[in-house]
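Below is one structure, written out as C-alpha cells; comments come after it.
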Amino acid sequence: EPEVTQTPSHQVTQMGQEVILRCVPISNHLYFYWYRQILGQKVEFLVSFYNNEISEKSEIFDDQFSVERPDGSNFTLKIRSTKLEDSAMYFCASSEDEEGDRSNQPQHFGDGTRLSIL
Amino acid sequence: AQTVTQSQPEMSVQEAETVTLSCTYDTSESDYYLFWYKQPPSRQMILVIRQEAYKQQNATENRFSVNFQKAAKSFSLKISDSQLGDAAMYFCAYRRSPAQKLVFGQGTRLTINP
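From first to last, the protein sequence lines stand for chains B and A. In this text, residue positions in the first sequence follow my numbering: the first is 1, and each later residue adds one. In this text, residue positions in the second sequence follow my numbering: the first is 119, and each later residue adds one.
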C-alpha cells in the first residue's frame, strides 16, 4: 500500500538555525498538510497546500514557516530561525480529496519527524 | 470555530473485553466528516474508522464501530474483543468538508490489561 514518507525521522538543531523537514506524499494525492504535536499534547494543524499554493494556514504558521513543493514528489516544511518551542513531532499528510467529493477520502499520515531544538 | 472534546484522558480495559471512547464536537455545519485515529507508542497516526455526517448508519471496521449521534454531536468509538495491540493514544478528529484540515481532540490513552 502506498505510504507517505518523511525524512529525517529525528532532527536535532541548535536554536536559531534553519531546518527543512521533507515529505514525499502519495503520488496521486492532491492535497498536502503539515501538522505538529508537542509532546503530550494534541495534534495541531499548521498548513494545507493545493495546486502549488497554500490553501489554509493556522495562527501557528507565522513568517518563520514556509512550505514548498520543489518538484513533482517532495513537499517540504522550512522553519527559518528555530525556537525552543518549535520542538515537536511534525507530521506530513496527504489526501486525494477533491472539493465537493463526498466520498470522504482520509488523510494519510507519515511516520513523523521528531524535531528537537537545543 | 469547530472544537473536538475527548473527556477521558485515560481508559483501561481487560483483554478481550469491550471499551467505549467518548468524543463530542461543536459545529454549526450540517454536513461534515468524523474520524478516529490511533497513535501507538511509535507515534504513527493510523486511521481506525471514518463517518460521514450525512450517513445515518454507524460505521464499522471489524472490531471497531462508532456510535454517531448527530443531534447530540457525539461520536464514540467502541472496541470489541480488545487486544494488546490496541493499546495506543486514540484521537477523534473532525473536518468540515473534503480537502479541509483535521481538527483533533486531546486524545484518550487506552491501556489493555492482560
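Every residue gets a Cβ at the ideal spot worked out from N, C-alpha and C, and that includes glycine.
For Q169 of chain A, same chain residues with a beta-carbon under 8 angstroms away, outside a window of 5 residues either side, are Y151, L152, F153, N176, A177, V184, F186 and F193 in chain order.
At a cut-off of 8 angstroms between beta carbons, A190 of chain A makes no contact with chain B. Comparing C-alpha distances from S130 of chain A to each of A:S160, A:R161, A:F209 and A:S200 shows the shortest one belongs to A:S200. When DSSP assignments are scanned along the segment 31-108 of chain B, the uninterrupted stretches of beta strand (DSSP E) that are 3 or more residues long and fall wholly within it turn out to be 31-37, 44-50, 53-57, 65-68, 75-79 and 88-95. Residue environment for D204 of chain A: buried (at least 16 other C-beta atoms within 10 angstroms of its C-beta). Scanning chain B for C-beta atoms nearer than 7 angstroms to the C-beta of F222 of chain A yields K42 and V43, reported in chain order.
Among the CB atoms of chain B, none fall inside 8 angstroms of the CB of K156 of chain A.
Under a criterion of Cβ atoms nearer than 7 angstroms, no residue of chain A is adjacent to D62 of chain B; the nearest Cβ is some 17 angstroms distant.
Listed by position along chain B, the residues whose Cβ is nearer than 7 angstroms to that of G203 of chain A form an empty set, because the closest Cβ is around 17 angstroms away.
In the three-state scheme derived from DSSP, where H, G and I count as helix and E and B as strand, D144 of chain A is classed as strand. K196 of chain A: member of the beta strand (DSSP E) spanning S192 to I197, first to last residue.
For chain A, the residues of the segment 76-95 of chain B that bring a beta carbon within less than 9 angstroms of one of its beta carbons are M89, F91, A93 and S95, in chain order. Secondary structure at L118 of chain B: coil, using DSSP grouped into helix, strand and coil.
The beta-carbon of F109 of chain B is placed less than 8 angstroms from the nearest beta-carbon of chain A. A straight line joining the alpha-carbon of T229 of chain A with that of P70 of chain B spans about 42 angstroms. Neighbours of F153 of chain A across chain B, judged by C-beta separation under 7 angstroms: P106.
Counting C-beta atoms within 10 angstroms of its own C-beta, T136 of chain A has fewer than 16 neighbours from the protein chains shown and is therefore classed as exposed. In the structure shown, L220 of chain A adopts coil according to DSSP, grouped into three states. Counting only unbroken stretches of 3 or more residues, the beta strand (DSSP E) elements lying wholly within the segment 159-184 of chain A are 164-170, in sequence order.
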